[in-house]
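A quick write-up on the structure given underneath.
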Amino acid sequence: MPPLVIAVPKGRILSEALPLLARAGIRPEASFSDENSRALRFATDDPAIALIRVRAFDVATFVAHGAAQLGIVGSDVLAEFDYSELYAPVDLGIGHCRLSIAEPVEMAAADDPRGWSHVRVATKYPHLTHAHFARRGVQAECVKLNGAMELAPTLGLAPRIVDLVSSGRTLKENGLVEVERIMEVTSRLVVNRAAMKTRPDVVPLVEAFRRAAAPATPSDAAVAA
Numbered sequence: 005m006p007p008l009v010i011a012v013p014k015g016r017i018l019s020e021a022l023p024l025l026a027r028a029g030i031r032p033e034a035s036f037s038d039e040n041s042r043a044l045r046f047a048t049d050d051p052a053i054a055l056i057r058v059r060a061f062d063v064a065t066f067v068a069h070g071a072a073q074l075g076i077v078g079s080d081v082l083a084e085f086d087y088s089e090l091y092a093p094v095d096l097g098i099g100h101c102r103l104s105i106a107e108p109v110e111m112a113a114a115d116d117p118r119g120w121s122h123v124r125v126a127t128k129y130p131h132l133t134h135a136h137f138a139r140r141g142v143q144a145e146c147v148k149l150n151g152a153m154e155l156a157p158t159l160g161l162a163p164r165i166v167d168l169v170s171s172g173r174t175l176k177e178n179g180l181v182e183v184e185r186i187m188e189v190t191s192r193l194v195v196n197r198a199a200m201k202t203r204p205d206v207v208p209l210v211e212a213f214r215r216a217a218a219p220a221t222p223s224d225a226a227v228a229a
């Protein structure tokens, strides 16, 4: 049987995911931490498990289409793509942030979201954005961007943005402020549904992640001490 492939996201979430992987018994080869490496697939200390490192938005696609059997991905991505082939059995409790609407500070000072009837927003979440505004009866025109969202209001591309917010520092440094929150976001373990049924090694790995993500109890702390 070929190794199970776990897709992990590049960027901020990866640093939070590595300790969790270790608690689940998965430790990548040394080259995984080499910043000069261009490799995308890596062995682990378990020959039955391999890792691929891809863009966060691509994790769901790799797992949904069976190129990877498991993955770590934000609930924002799951909601945006809504792949029926994905099962998300474990909230990993990492990657906490929120998907929010933001606009320039001076605009927000005189703006009331309750009065919106039509909005133009820049976002990489057009599906979630349309759905959110549709529930409120607001017509949304989405300009699809994959990055540098905060430039859109400054350069006249769109007066508002929908993007992930963590500390809010990036918004502040670009003269923007949150005016509405769409959803809270955490990272989830996702599994390909077909692999869950056909590969007996998937369920034990899911349970290992479930244990790794479980909050520590006082008895756990005593053992660790």
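So the sequence shown is numbered by the numbering used here: it starts at 5 and just counts up by one.
Just so it is clear, CB atoms sit at the ideal spot from N, CA and C, and this is done for glycine as well.
Nothing here was measured: the structure is a model prediction, and the numbers come from that model.
Whole-angstrom distance between ARG45 and VAL94, CA atom to CA atom:
The straight-line gap from Cα to Cα measures roughly 24 angstroms.
Secondary structure at ASP62, three-state DSSP: helix, strand or coil?
The DSSP-derived three-state label of ASP62 is helix.
Mapping the DSSP letters down to three states, classify THR158 as helix, strand or coil.
Three-state result, THR158: helix.
With DSSP run on the structure shown, which of helix, strand or coil describes ASP95?
Collapsing the DSSP output to three states places ASP95 in a strand.
Using alpha carbons as the reference points, say which of ARG197, LEU193, GLU184, THR202 lies closest to GLU211.
When ARG197, LEU193, GLU184, THR202 are compared, the shortest CA-CA separation from GLU211 is found for LEU193.
Opposing strand residues paired with MET187 [DSSP bridges]
BP columns for MET187 point to LEU103.
Assess contact between the region 110-125 and the region 158-168, defined as three or more Cβ pairs (one per stretch) separated by less than 8 angstroms. Is contact present?
Taking a cut-off of 8 angstroms on C-beta distances, the region 110-125 touches the region 158-168, as three or more cross pairs fall below it.
Using the rule of at least 16 other Cβ atoms within 10 Å of the residue's Cβ for burial, across every protein chain shown, is LEU25 buried or exposed?
The residue in question, LEU25, is buried, as its Cβ has 16 or more Cβ neighbours within 10 Å.
Mark GLY119 as exposed unless 16 or more other C-beta atoms lie within 10 angstroms of its C-beta, in which case mark it buried.
GLY119 is exposed by the Cβ-count criterion.
Proximity winner among PHE137, MET111, ARG59, ALA34, relative to GLU182 (alpha-carbon distances):
Measuring from the Cα of GLU182, the nearest candidate turns out to be MET111.
Would GLY15 be called buried (16 or more neighbouring beta carbons within 10 Å of its own) or exposed?
By the neighbour-count definition (other C-beta atoms within 10 Å, threshold 16), GLY15 is an exposed residue.
Sequence-distant residues of the same chain with beta carbon closer than 8 angstroms to VAL147, five excluded per side
Correct list, in chain order: ARG124, VAL125, ALA126, THR127, ALA156, LEU161, ALA162.
Helix, strand or coil for PRO108, going by three-state DSSP, please let me know.
Here PRO108 sits in strand by DSSP.
I'd like to know if ALA138 contacts chain C, where contact means its C-beta is closer than 8 angstroms to some C-beta of that chain.
Given the protein chain composition of this structure (a single chain), no chain C is represented.
DSSP state of ARG140, grouped into three classes?
Three-state DSSP puts ARG140 in coil, outside helix and strand.
When you compare the CB positions of ALA199 and GLN73, do they come within less than 8 angstroms of one another, or not?
For the pair ALA199 and GLN73, the CB atoms are nearer than the 8 angstroms cut-off.
Rounded to whole angstroms, what's the CA-CA distance from PRO208 to VAL81? Just pull it up for me.
Near 25 angstroms, if we compare the C-alpha coordinates of VAL81 and PRO208.
When PHE213, ALA218, ARG214, THR202 are compared against MET5, the one with the closest alpha-carbon
Cα-wise, what sits closest to MET5 is THR202.
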